[in-house]
Amino acid sequence: MIQTVTVALEGRPYAVMIGRGLIEDAARHVTPLLKRPVTTVVMDRTVAELHGERLLAALRQGGIAAHPVIVPPGEATKSFEGLADLCDQLLGLGLERSDRIIAFGGGVVGDLAGFAASIFKRGIDFIQIPTTLLAQVDSSVGGKTAIDTPRGKNLIGAFHQPRLVLADLAVLDTLPDREMVCGYAEVIKYGLLGDAAFFEGLEANVGRVLGREDAALAWAVRRCVEMKAQIVGEDEREGGRRALLNLGHTFGHAVEALTGFGEALKHGEAVGLGCAQAFRFSARLDLCSGQDAVRAERAIQAAGLPTRLSAIAGHPFRADDLIAAMAQDKKAEGGALTLVLTRGMGEAFVARGVDPAPLRRFLIDEGALP
Ligand code: NAD
Ligand code: GLY
């Protein structure tokens, strides 16, 4: 069964379709968006080898001339060099301004190809076909596109909404377990930030979602996409409410930065740890109960995600280094810390101008060095 969620942006609504078999049926969904039957599929080598031929064949059988562009897998591709190389390949293919490109991959390809689309010939439309759980529940929806620089992640980018998102759950069958768990960190984030009933469902169904059982996966992806669509529909450019989607990200970003954004700690793992810390810090400030913090931690742990600094290679970290890295996060405003904190399950809020002194004491109690 295919489910559709609409991102209701004024004048630019688009559908996020969720289910199995969307790749085989891609031509039918993509054709109405094309001005001429030509497109380019951007994918990394891993996705190209596993699923590329299937998508290209489906598009070609539907009468679309589909040209592959293959980029190296991994975060390093989200760079100025990666962007220049991709734009050069798109130019070499003779793409016109009215053509659309397809980003077929995880968040790296979605962010890179989406950003390239935002600037290619002053902007062309694009379609997202996300292939990781993280991309299906988060990065393919909402129009944030970006590359990294040596000064930080996602610092150069644009808001550029896709015209369509096809989340084919079947591609997740080949996703390594660690990537599945990383995507799950974003799934649990949605429950924690805004839907206590969904969180409760995840507590009961973590094994079924991570085990890729059809019904559980479809339920989880759909609920996340619904929540993201609603938030983005209300606050496309993150003037307010959209910042809630950063629950766990500022705490997590700090540890990611200190571990070098590498394989030692993947983004989703940092988000899991960050969500647990955001709940514990909120409990410390008496914003939520200690019981809520324990419950959040148990649910994050149940997925195999880290919840304590002591579990991270490179620990002990210094509290001041963590706070300095938090202040580097692009959510910081006027040098003051902005954190997403919570009043309980599903009741996150954006706390601006957070006092670093209690945060420092908290981090030391969490095991950081003074
Ligand atoms: P990714 O794109 O690097 O994919 C992870 C790995 O899985 C890669 O090695 C990839 O080749 C492989 N892979 C992808 N699909 C596969 C499949 N179906 N089967 C087997 N292997 C597969 O990483 P990601 O976790 O999807 O995305 C992380 C990126 O997303 C980061 O750059 C992050 O900044 C970005 N992000 C963006 C947003 C946004 O709103 N734009 C939100 C969250 C994260
Ligand atoms: N991943 C956070 C956002 O899209 O706003």
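In numbering that gives the first Met the number 0, the protein residues as written are 0 to 369.
Every residue, glycine too, gets a C-beta built ideally from N, C-alpha and C.
Given the structure is predicted, the values throughout are model-derived calculations rather than measurements.
Under the rule that 16 or more other beta-carbon atoms within 10 Å means buried, what is Met0, buried or exposed?
-> exposed
Helix, strand or coil for Ala384, going by three-state DSSP, please let me know.
-> Residue 384 lies beyond the range of the chain shown here (0 to 369); nothing can be said about it.
For Val4 versus Glu225, is the C-beta distance shorter than 8 angstroms?
-> yes
Is there a Cβ from chain D that is less than 8 angstroms from the Cβ of Phe114?
-> Of the protein chains in this structure there is only one, and it is not chain D.
How about Glu37 and Ile63: do their beta carbons lie closer than 8 angstroms?
-> Correcting the residue identity first, residue 37 is Val in this sequence and not Glu. The answer is yes: Cβ separation under 8 angstroms.
Using the Cα positions of Ala112 and Asp285, report the straight-line distance between them to the nearest angstrom.
-> Distance between the alpha carbons of Ala112 and Asp285 is about 43 angstroms.
Which of the three DSSP states, helix, strand or coil, is assigned to Thr249?
-> helix
Which runs of the alpha helix (DSSP H) fall wholly inside the stretch 84–135 and span at least 4 residues, in chain order?
-> 106–118
Using 7 angstroms as the cut-off, classify the Cβ of Lys77 as near or not near the heavy atoms of ligand 4, replying yes or no.
-> Looking at this structure, you won't find ligand 4 anywhere; what it does contain is ligand 1 and ligand 2.
Measure the Cβ-Cβ separation of Val107 and Lys152 and say whether it is below 8 angstroms.
-> no
Compute the Euclidean distance between the alpha carbons of Asp124 and Leu8, then round it to the nearest angstrom.
-> One C-alpha to the other measures close to 15 angstroms.
State the DSSP-derived secondary structure class of Ile155, mapped to helix, strand or coil.
-> strand
Is Asn153 near ligand 1, in the sense that its beta carbon is under 7 angstroms from a heavy atom of that ligand?
-> yes
Rank Glu48, Leu244, His28 and Gly73 by C-alpha distance to the C-alpha of Ile101 and give the top, closest one.
-> Looking from the CA of Ile101, the closest CA among Glu48, Leu244, His28 and Gly73 belongs to His28.
Give the C-beta separation of Leu378 and Phe119 to the nearest angstrom, bearing in mind that I take them to be a contact with Cβ-Cβ under 8 angstroms.
-> Past the boundaries of the shown model lies residue 378; the chain is included only from 0 to 369, so the question cannot be answered.
Just the C-alpha distance for Leu246 and Gln60, rounded to the nearest angstrom, thanks.
-> 43 angstroms
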